[in-house]
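K.L.:
Here the sequence shown is numbered in the working numbering, starting from 121 and rising by one per residue.
By construction, the Cβ of each residue, glycine as well, lies at the ideal position given by its N, Cα and C atoms.
Below you'll find the structure I mean.
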Amino acid sequence: MGGCVATDRITVDGNRVGYMCRTEPINDLDSGWQFLAGDESQEYVDVADNSGVYDVNTIANYDPEIIPFLHFPIGSEFERDEVSGNLTQIR
């Protein structure tokens with residue numbers, strides 16, 4: 121599937137993916153996927169050390185609930201519904 125960007129709120133703190141979006145890949149190794157817990161401030165996201173580049177499979181191991189959405193096209197966005205707890209498409 122390729123590489124992705126994920127915040128430390130997922131990979132270090134152990135939170136589930138709360139927001140995911142697929143942007144235009146920057147190279148052949150990039151899937152375009154970005155994964156956030158959903159509670160990060162803009163200031164947090166702006167600090168490069170708070171995120172890392174991972175294989176998408178690694179993030180799927182942290183949160184398997186993302187797997188059904190990984191085939192969606194560039195421009196897709198999903199967020200976790202606060203009531204149901206499920207990821208839902210918002211774009």
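Between which two residues does the alpha helix (DSSP H) containing R129 stretch?
P.N.:
Start at 1 with the first residue of the sequence shown, and residue 129 comes out as number 9. Taken as a continuous stretch (DSSP letters only), the alpha helix (DSSP H) holding R129 covers 128-131.
K.L.:
Going by other Cβ atoms of all chains shown within 10 Å of its Cβ, with 16 needed for buried, is I146 buried or exposed?
P.N.:
Walking along the sequence shown from the start, residue 146 turns up at place 26. Under this definition I146 is an exposed residue.
K.L.:
For R142, which residues in the same chain have their Cβ closer than 6 Å to its Cβ, ignoring the five residues on either side in sequence?
P.N.:
For the purposes of this step, residue 142 is taken as the residue at position 22 of the sequence shown. Closer than 6 Å at the Cβ level, and outside the excluded window around R142, lie G152, W153, I194, S196.
K.L.:
With distance defined between alpha-carbon atoms, name the residue in D128, G138, G134, I186 nearest to V203.
P.N.:
Mapped onto the sequence shown, residue 203 falls at position 83. It is G138.
K.L.:
Which whole-angstrom value describes the C-beta separation of T212 and E163, a residue pair presumed to lie in contact below a C-beta threshold of 8 Å?
P.N.:
Nothing about residue 212 can be reported from this structure: the residues present for the chain run from 121 to 211 only.
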